[in-house]
Structures are given as C-alpha cells and as structure tokens.
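Asker:
Protein chains in written order, with the working numbering: chain A, 1 to 127; chain B, 1 to 669.
Shown next, in the form of structure tokens:
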C-alpha cells in the first residue's frame, strides 16, 4: 500500500468541529491520504485550492457566503477534472441532482464520516 | 303675486258687480219715481173736465166757478184756476178759484206777457188747450205755466180758425206747477235718496234738493201737457249707490294680473331651464359615476387608482389643481397624490358640505372623504369655472366613491401588509427549522464522528488526541442541549406556554451563580463582573438564568475572542438592572427592536458566522413580559451591544420606562 501515491485533500467547512473531525479521520486513516489545506468559506477555499492543487476537495454545502455547489461550479469551471466530494449535513434530491450535473464525484452525509477515506481513495485520480 | 293680483281683481269685480246690480235696482226705483211724478202731472185732465162743465161760457161768477171746479187736485198741480174774458187784446180775469187766488187775481190782464199772449192765441186758433212757456215764480214763488182753454160761448167749437178768432169769448185759465206734485208723491226719504227734476225744454221747473248729484241710474218720463212736453228725470241721490270702482283701479288690477301672469310664465320658463340644467347635471353625474365607479371599484392599488381618477375628475370639472390626502394609521393627513401647483399657504379654503351652494372660479375647496362616518382622506381642488349646486353634488357623490375606494385600497394595503408579515414569519420559521436541523445534524455528526474515532482507534490515539476528541464531544453536547432548549422554548412560545413563578430574590447572588455556571460559554473572552451587592428583584430565578444565558451566548457569539464581556447588576430607580455589554460590532439602531422578534436573525456578516436559531431573544422577551420586566438592547460605550433587562423590585409593579427613560412601548414591540 505504501507505493500508493499520496492524495492531498482540501477540507472546506465553516464548522471548526467538522474540519477537525475530517482532519482527524483522514490523518488516522493515513494510507496515502493527507490534509493539504483547510478553508472555512468559499472564497478561502478557492484561494487554497489554487495554491495547494489538492487531488480531492471535500466541500460542505451549507456555508456562509457561497454554498458548496457554487464553489464546486467555480472550481470545475477552471478545472473540470477536479475530484470533488460534497459533504453535507443534509442532502436533498435537488442538491444531489445539481451536484451530478456539475460533475461533482460524490455526495456524502456527515453521518457517513467513517466512509470518507474510502471515497477519497476511490475518487482520487490515478497518477 | 299672481294670486294677489287675482284676488284684487276678483274683489274689484265683485264690487263692480254689486255696484252695477245696485244701480240696476235703483234704476228700477227711479223709473218708478218718474212714472209716479208723471202720473201726477197728468192732472190737467181735471181742467178738461171743468172746461166741459163751463160749456163755452165765460160769464160765470166766482161762486158758480167754485161749484163747477169742485175740489182742486190734491197733489197741487193746479195752483189756481179762473175764467178770463177776451176784451180786444186783453184777457181779463173775471172769476177765480180759490177766490182772489194769487196768480190769477180778478181784473188782471193775463195777456200782458208775450208768452201768455202766444198761449192764448194758440188756444184760440186751435180750439185746444194751450200751455204757455213757464215763468219763474209765477205761482206763489213757484215756477208755473199758464194753461188756457178757449171758450167760444157754445158747446160746439167754431169750424174755422177765422170763426174761432172771431167767436172766442174768453178762456178757462189755470196755473199749473210740478213742484207740489213731486213733493206730495215722494216721501222725504225718497226725495233724499232720489234726485228729481221736472223740466220744460231747458227750463227747470223743479229740482229736488239732491239734484246736484251726478246722474246715475237715470230714468226719464216724458209727460205731454197740452201742446208742451214736460220731462221728469229721476236718478240716484248722493250716497244712494255704492261707488263703482274707478276704472283706473280696475285697469291697474288687470294690468297687475297680466304682469303677474307674464311674470309667472317667465318664472316657469326659468324654472324649466333650471330643471333642464339639473337634468343635464344629473346626466353628467351619472356619466361620471358610471365612468369613475368601475375605475374606483376595480383598483385596489392607490398608486394605480389615483392618476386615472384625477385626470377624469379634472376634465369633468375643469380643475387646474387637484390633490388627494389620505389619513394614515396615526390619524395624520398625508398628501398622496396631486396634480397642478399646490395651494398657497394661508389661502382660504372652502369646505364643501351638504349646504354649500356655489364656488367661485379659482376658489380653493376641500371635500372630506368619509366612510362610515370616519374621515379617510380629503380631496382638495380648484376649478377654473364656477361650480354650482349640481356640480357640487356630483363632486360630493364622486368623492363618496373615492372615499370607498380609498377605504378599500387601505384595507387591501393592510391585508397585503399582513400577508407580507405572515410570509415573513413563515420564511423565518422555515429558516429557523432549517437552521436548527442543520445545527442538530452538525452537532450530532461531530459527537458521532469523534465518538467513533475514540471507539475504533482508542489504542492508537495519543492522550492529547483523546482529550481533544472528548472536549469536542462535550462542547457539541452543550450546543445540542441549548438547541434542544431552544426547540422546547420554541414549542412553548408557539403554545404560549412559558410559565414563570416570580418571587423576591437577590439579583446580585443569582447573577453571580449563573455566570459561574455558564463560564464555559466565555472561555475565549475576558469576563468582567460589575455586580453591586444586595440588589434585589421580584422575579423568577430560572427565567433570569435563561435571560442571562441568552445575553452571554449572544455576547460570546458576536464579539471577537479576547475582547471583554461585562456583566452589570445595579439598582435603577425603583427597579433593578441587569446588563451584558460586549465589544462586538453592535446592533444597528434600526434592528434593535426586531432582534427580540421570534426567528429574527440579523442580516449582518457576524450572524452568518455564528450558530443560532433566532429564538433565544424572543424567549427572553417573552419571559420579560411575563415578569413585568423589560428588555432592550442599546449601544455599549465600547460601541458593541449592550443587552439590558430591568426587573421590578416588588409585586404588581410594571417596568414602564427603558434605560434611557423612554416609555417602554416605544422601545420594544
């Protein structure tokens, strides 16, 4: 497994607790995953994304300012191949449908946090 | 006027008719008089009889004559009679009855006067009696005429005139006069009321005392006396007849009547014109109402309604200025719409009411717009032309329509406002539920997530990690508790089921204890307590905890870490004050009353960065209301927010002023 390339993850969530939880989960899972950066809102997320060029972006949907989907749209406009996982407390069909249209790879509930490393491995680009 | 004239004319007519009728009656009376007098004057037939008895002789003595004559007519027509002998040119009286009668004394030559001479000659030539021209004062002061019967000495009369001239021996003579006849025929009363004259041609034999009266109801009787004709004229004496109304009076009355009729006709024509004008105005009004009615009824929007209506009204009444003001909820008149220049200040304005008859051109006027006795606005206007009663009535009718429309529009506006508020409340509720569910999920996800990490990776976690995860679980559990409290409060608020049990407590102690319990909320802030000892309040300790908890969690959420949060307790007049000040961005003045509204969350950046369901301060307000307390927010000295609660210090006291001394209703909804 050690030969697996390192996958950088950008965590975007306005809740500090959720960022901490994601970070801890990723760090504990280890195995080729590392947290490349964290952002608390959409603007900060774009700055971090351009700077860190993470393999995967984990986006909270509900944030002050731009929503997760709006941030995803802007990222995908610049880089359509970017792997993005929408990670939200509440997912309704409208959001998942819109996410699929935009090219977001997966939508996950915050209740499924233990499955996040799996998803990261799954959607991380083979390089 | 016509009636007066007709009455006058009628009176005059009746008067005139009475007079005419009286005159006719009187005329019958005067005819009677004339006839009576005339019959009396026919007495010379007596003389004819005496003449027959004389049988042509003239040689009778006085005694014989008296025997033949018998009694003279009692009516006095024959004053005296005698026998006279023809002696050449003379005719000398030889015997008289009565003896020595004054007009015909024995020995008198009666033919001495030419008038008598002519009468004697005529009688002699004709063989018939002949009457001389009357002589004034001839018989005892009375005017009288000589009458002569020729006597030829035999019973038969000579055939020819020449024989008669040759054969005449003398004459039976008498003096006849009408005066005693009249006076004996008529009573003094009749003589008073009736004027009588007896004339022979122009000669007036007799004139009764009232003969100077104007001749009315005149009757005449022609009485033949031998060769002459006497005329008896009788007429109404003075005052015997009602005076006829003067013809000018009658004419005047007729003229007045005619003038009245003409006047009445003109008046009727004018009234007719007025009626037609009113009909035209009515048609105008009906048209205007027909035009304006649907316009006013269909439109519920004042802004949409007024311009169309104003144009319609201005055209109809030639208005160069028109303004509509409406009454707002505070009862003030607010100008809503106007065309044309506004009236100059202090310019007199006529209020048009039910009794206003006319407005001059260019006169400013105002019509109150009333609905069910309530003034909903005013219509002010000015017309270029004079407005008369029909136009004013129309204007008032249209104003009534406008008032109804304004009332509808205001009602509609209020309903729209209610709908807007309900929608807003609905939106806030949805937002609240959405926020709460997000917060719940986030907190639950954090607890679950960190719990899983602890359970699954406990052996490999460092102590530091374990500590951190447990702290995070605890903190999220606290958030969860507050969220649940908020939800429960929300449910109670919805049911109006918040209950309080106030009692006298030491506010100082209560606040100090509560701050200690909630210290974890303010771990990242510097907490300053400015609590005076022994400040009491009549309140519910649990409610005070909730109020203080909300104030502190707001301060923690909205002010940056490291800044100071100050809790103050002090007496405030007869009340007690609890305040929490922070050094955050503060709350804009316009939002200070709304923050206590249910579900309200400020639209500021700080709000978005913090968790919150928008229910805490609504709960605070609800508690305060139930505790006769008042809560408010103002600006702290630092520029941050200062949340204040004022509590009563004894039962039954309302806190009625705020921290700035303003009446409470102005400050908190």
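Think of the CB as a built atom: it goes at the ideal place given N, C-alpha and C, for glycine as much as any other residue.
1) With 7 Å as the C-beta to C-beta threshold (strictly closer), list the residues of the stretch 439 to 459 of chain B near chain A in chain order.
2) Mark residue 372 of chain B as exposed unless 16 or more other C-beta atoms lie within 10 angstroms of its C-beta, in which case mark it buried.
3) Using only CA atoms, which one of B:391, B:650, B:591 lies nearest to residue 634 of chain B?
4) Could you pull the start and end residues of the alpha helix (DSSP H) that residue 73 of chain A belongs to?
5) Counting C-beta neighbours from all protein chains within 10 Å, is the total for residue 230 of chain B 16 or more, i.e. buried, or is it exposed?
6) At 8 Å on the CB atoms, spell out the chain A contacts of residue 476 of chain B, in chain order.
7) Since residue 62 of chain A meets chain B, which of its residues come closer than 8 Å, beta carbon to beta carbon?
8) Can you tell me the Cβ-Cβ gap for residue 147 of chain B and residue 226 of chain B, rounded? I've got them flagged as a contact below 8 Å.
9) Rounded to the nearest angstrom, what separates residue 358 of chain B and residue 394 of chain B at their Cα positions?
10) Is the stretch 117 to 131 of chain B close to the stretch 181 to 194 of chain B, with three or more CB pairs under 8 Å?
11) For the stretch 104 to 144 of chain B, list the alpha helix (DSSP H) runs that are entirely contained and at least 4 residues long, ordered along the chain.
12) Decide yes or no for the touch test of the stretch 47 to 64 of chain A against the stretch 112 to 125 of chain A: beta carbon pairs closer than 8 Å, at least 3 of them.
13) Determine the direct distance from the alpha carbon of residue 77 of chain A to that of residue 594 of chain B, and round the result to whole angstroms.
14) For a cutoff of 8 Å on Cβ pairs, would you count residue 20 of chain A as touching chain B?
15) From which residue to which residue does the beta strand (DSSP E) around residue 636 of chain B run?
16) Does chain B have any CB closer than 8 Å to the CB of residue 90 of chain A?
17) Would you mind giving the Cβ-Cβ distance between residue 369 of chain B and residue 406 of chain B, rounded to the nearest angstrom? I have them listed as a contact below 8 Å.
18) Please go through the same chain and pick out, in chain order, the residues whose beta-carbon is closer than 6 Å to the beta-carbon of residue 130 of chain B, but skip the five residues on each side of it.
19) Got a sec: is the Cβ-Cβ distance from residue 482 of chain B to anything in chain A below 8 Å?
20) Considering only residues of the same chain and omitting the five flanking positions on each side of residue 403 of chain B, which have a CB-CB separation below 8 Å?
21) When you compare only the Cα positions, how much space is there between residue 610 of chain B and residue 92 of chain A?
22) Have a look at the DSSP bridge pairing and note the partners of residue 85 of chain A.
23) What did DSSP end up calling residue 572 of chain B once you bin it into helix, strand or coil?
24) Which residues does DSSP list as the beta-bridge partners of residue 325 of chain B?
25) What residues from chain B crowd round residue 111 of chain A, counting only those whose CB sits closer than 8 Å?
26) Say whether the stretch 437 to 455 of chain B touches the stretch 339 to 356 of chain B, bearing in mind that this needs 3 or more beta-carbon pairs closer than 8 Å, one atom from each stretch.
27) Could you spell out the range, first to last residue, of the alpha helix (DSSP H) harbouring residue 418 of chain B?
28) Does any CB atom of chain B fall closer than 8 Å to the CB of residue 25 of chain A?
29) Given this structure, state the Cα-to-Cα distance separating residue 46 of chain B from residue 101 of chain B, to the nearest angstrom.
30) Look at the Cβ atom of residue 232 of chain B, then the Cβ atom of residue 38 of chain B, and state whether they are nearer than 8 Å.
31) Would a check of beta-carbon distances place residue 95 of chain A closer than 8 Å to chain D?
32) Looking at the secondary structure, which residues open and close the beta strand (DSSP E) in which residue 530 of chain B lies?
33) Mind listing the chain A neighbours of residue 472 of chain B? Cutoff is C-beta to C-beta under 7 Å, in chain order.
34) Check whether the Cβ of residue 28 of chain A lies closer than 8 Å to any Cβ atom in chain B.
35) Can you say whether residue 549 of chain B is buried or exposed, counting buried as having 16 or more other CB atoms within 10 angstroms of its CB?
Answerer: Well, looking at it:
1) Those residues of the stretch 439 to 459 of chain B placed with their C-beta closer than 7 Å to a C-beta in chain A are 441, 442, 445, 446, 448, 449, 450, 452, 453, 457, ordered along the chain.
2) Your numbering for residue 372 of chain B matches position 372 in the second chain. Exposed, because fewer than 16 other Cβ atoms sit within 10 Å of the Cβ of residue 372 of chain B.
3) Taking the first residue of the second chain as position 1, residue 634 of chain B is located at position 634. Relative to the Cα of residue 634 of chain B, the nearest Cα in the group B:391, B:650, B:591 belongs to B:591.
4) The residue labelled residue 73 of chain A in the question sits at position 73 within the first chain. Residues 68 to 78.
5) Translated into the one-based positions of the second chain, residue 230 of chain B becomes position 230. Buried.
6) By 1-based counting over the second chain, the position of residue 476 of chain B is 476. 17, listed in chain order.
7) Locating residue 62 of chain A in the first chain gives position 62, where the first residue counts as 1. What residue 62 of chain A touches in chain B: 438.
8) Numbered from its first residue, the second chain carries residue 147 of chain B at position 147. Numbered from its first residue, the second chain carries residue 226 of chain B at position 226. Between residue 226 of chain B and residue 147 of chain B the Cβ distance is about 6 Å, and since that is below 8 Å, they are a contact.
9) Position 358 of the second chain holds residue 358 of chain B. Position 394 of the second chain holds residue 394 of chain B. Distance between the alpha carbons of residue 358 of chain B and residue 394 of chain B: 13 Å.
10) Segments in contact, no.
11) For the stretch 104 to 144 of chain B, the continuous alpha helix (DSSP H) assignments of 4+ residues that do not extend past its boundaries occur at 114 to 126, in sequence order.
12) The stretch 47 to 64 of chain A makes contact with the stretch 112 to 125 of chain A: 3 or more CB pairs, one atom from each, lie closer than 8 Å.
13) Locating residue 594 of chain B in the second chain gives position 594, where the first residue counts as 1. Locating residue 77 of chain A in the first chain gives position 77, where the first residue counts as 1. For residue 594 of chain B and residue 77 of chain A, the distance between alpha carbons rounds to 41 Å.
14) Translated into the one-based positions of the first chain, residue 20 of chain A becomes position 20. Nearest CB-CB separation between residue 20 of chain A and chain B: below the 8 Å threshold.
15) The residue labelled residue 636 of chain B in the question sits at position 636 within the second chain. Note, residue 636 of chain B: premise wrong, no beta strand (DSSP E); not H, not E.
16) Here residue 90 of chain A corresponds to residue number 90 of the first chain, with the count starting at 1. Chain B places a beta carbon closer than 8 Å to that of residue 90 of chain A, counting this residue as a contact.
17) As a first step, residue 369 of chain B must be located in the second chain, where it is residue number 369. As a first step, residue 406 of chain B must be located in the second chain, where it is residue number 406. That belief holds up - the Cβ atoms of residue 369 of chain B and residue 406 of chain B are roughly 6 Å apart, short of 8 Å.
18) Position 130 of the second chain holds residue 130 of chain B. These residues qualify, in order along the chain: 119, 122, 123, 148, 226, 227.
19) Position 482 of the second chain, counting from 1, holds the residue named residue 482 of chain B. No, its Cβ sits nowhere closer than 8 Å to a Cβ of chain A.
20) The residue you call residue 403 of chain B lines up with position 403 of the second chain. Residues of the same chain with a CB within less than 8 Å of the CB of residue 403 of chain B, apart from the 5 flanking positions on each side, are 369, 370, 371, 376, 377 in chain order.
21) For this step, residue 610 of chain B is matched to residue 610 along the second chain. For this step, residue 92 of chain A is matched to residue 92 along the first chain. Note that residue 610 of chain B scores a pLDDT of 49, beneath 50, so its modelled location is shaky; the value from the coordinates is reported in the next line. Within the model, the alpha-carbon separation for residue 610 of chain B versus residue 92 of chain A is close to 23 Å.
22) For the purposes of this step, residue 85 of chain A is taken as the residue at position 85 of the first chain. For residue 85 of chain A, which the question treats as bridged, DSSP gives the partners A:58, A:106.
23) The residue given as residue 572 of chain B occupies position 572 in the second chain. Residue 572 of chain B sits in a strand when the DSSP states are folded into three classes.
24) In the second chain, counting from the first residue as 1, residue 325 of chain B sits at position 325. Answer is B:335, B:378, bridged to residue 325 of chain B.
25) Taking the first chain and counting its residues from 1, one reaches residue 111 of chain A at position 111. Simply 441, 444, 445, 448.
26) Short answer: they don't touch.
27) Locating residue 418 of chain B in the second chain gives position 418, counting from the first residue. Segment 389 to 457, the alpha helix (DSSP H) holding residue 418 of chain B.
28) Numbered from 1 along the first chain, position 25 holds the residue referred to as residue 25 of chain A. Yes, its Cβ sits closer than 8 Å to a Cβ of chain B.
29) Translated into positions along the second chain, residue 46 of chain B becomes position 46. Translated into positions along the second chain, residue 101 of chain B becomes position 101. Spanning the alpha carbons of residue 46 of chain B and residue 101 of chain B requires a straight line of approximately 18 Å.
30) Here residue 232 of chain B refers to the residue found at position 232 when the second chain is read from its first residue. Here residue 38 of chain B refers to the residue found at position 38 when the second chain is read from its first residue. Result yes, Cβ atoms of residue 232 of chain B and residue 38 of chain B sit closer than 8 Å.
31) Given the protein chain composition of this structure (A and B), no chain D is represented.
32) As a working mapping, residue 530 of chain B is identified with position 530 in the second chain. Following the DSSP letters along the chain, one finds residue 530 of chain B inside the beta strand (DSSP E) bounded by residues 526 to 531.
33) Translated into the one-based positions of the second chain, residue 472 of chain B becomes position 472. Ordered by position in chain A, the residues that pass the 7 Å Cβ test against residue 472 of chain B are 17, 20.
34) On the first chain, residue 28 of chain A is found 28 positions in, with the first residue counted as 1. Residue contact with chain B for residue 28 of chain A: present (Cβ-Cβ distance below 8 Å to some residue of chain B).
35) Along the second chain, read from residue 1 onward, the residue named residue 549 of chain B stands at position 549. By the 16-neighbour rule on beta-carbons within 10 angstroms, residue 549 of chain B is buried.
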